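Residue numbers (our numbering): 1 to 370.
All residues carry an ideal CB built from backbone N, CA and C; glycine is no exception.
Small disclaimer: the values here were computed from a predicted structure and weren't measured.
Notes for the one structure printed next.
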């Protein structure tokens, strides 16, 4: 029976499967791939230009910039009866060449540049008479102009700035204020001839050093216009700049506080006291005389400056007395700087602090508000 089924039914079943079953995916023909356009390749970006790099200073040749001849030092205030000088500096670009320097209309001073020097300096006599005075420096075939302005101290001062601590006008030309020398007999004579001038009526004016220490100062709280005026070496010249334009009307009181910076800067000379006279000359010309107050500063803490500080105080006190300035001695008010300037054990300020600072402020307030 089994053999019969295999011989009769198996062939029929295989034929039915071959005709009735669907074709499998593996037997289906594979369609040809569609034709596509080739993908576009982006164009390479342009290479940015390489910036131009300046040559290294180590490989570039150096170019020396030589300064022009110039006046370097001059008196801020000069008396008409004295001979003064003005200092100049000249660059030495070439050695062993001749040149000259002199005022227009006067005989020039000849010179020869030296070896192994970058500059030379010298003195010219200061011209007499007010106005603009011109000079010329000649080295080989080159010439440079120089000038100085001498102004009458009684007229408006043309000081517009400081150059290396010395007064100059708006064009940078050195300025010298021409004043008259004062003495006791001359002051009595002028007082008799001119009479007593009325006092100014404007607001009080403070000028100079505020005597700052630890964030406080002596001027705080005072009812006055305040014009701090400082310079590392010549603070008295900064005061001239601050007073070049006086208020209108003329102040009823002008206070000058010179401080001690001129001592610390190592540039003090007795000519500092000329500020007292030149300001009085200007006020007299204006027809009103403020109450002029000089604030003598406290003694410096530095022991090496004490002797010069004492000499300076005596000089200022004598001149102030002659010119009828009121003097406020803050040195006496503050007391010993070892105590007045003490901040902590072994720590000191340049000017008095704490109670000593407050005492100085009160002393100054009393005279300013009169």
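| task | Specify the secondary structure class of residue 26 as computed by DSSP and reduced to three states. | result | Unreliable placement is indicated for residue 26, whose pLDDT of 42 sits below 50; the coordinate value is still reported in the next sentence. Three-state result, residue 26: helix.
| said: Comparing C-alpha positions only, which one of 75, 65, 177, 85 sits nearest to residue 126? | reply: 85
| query | Alpha carbon to alpha carbon, what distance is there between residue 133 and residue 106? | reply | 11 Å
| Inter-residue spacing [alpha-carbon to alpha-carbon] between residue 82 and residue 129 | 12 Å
| field | Assigned exposure category for residue 237 - 16 Cβ within 10 Å defines buried | value | buried
| Candidates 93, 242, 252, 101: closest to residue 368 by CA position | 252
| request: Please classify residue 150: is it buried, with 16 or more other beta-carbons within 10 angstroms of its beta-carbon, or exposed? | output: buried
| query | To the nearest angstrom, how far is it from the Cα of residue 329 to the Cα of residue 114? | reply | 51 Å
| query | Hey, would you say residue 179 sits closer than 8 Å to residue 274, going by beta carbons? | reply | yes
| task | Compute the Euclidean distance between the alpha carbons of residue 261 and residue 112, then round it to the nearest angstrom. | result | 39 Å
| field | Proximity winner among 80, 142, 363, relative to residue 298 (alpha-carbon distances) | value | 363
| query | Tell me which same chain residues have a C-beta within less than 6 Å of the C-beta of residue 98, skipping the five on either side of it? | reply | 112
| query | Where does the unbroken alpha helix (DSSP H) through residue 249 begin, and where does it stop? | reply | Per DSSP, residue 249 belongs to no alpha helix (DSSP H) and is neither H nor E.
| Inter-residue Cα distance where the pair is residue 343 and residue 258 | 23 Å
| Helix, strand or coil at residue 163 [DSSP, three-state] | strand
| task | Compute the Euclidean distance between the alpha carbons of residue 320 and residue 280, then round it to the nearest angstrom. | result | 11 Å
| query | Would you call residue 346 buried or exposed, if buried means 16 or more other Cβ atoms sit within 10 Å of its Cβ? | reply | exposed
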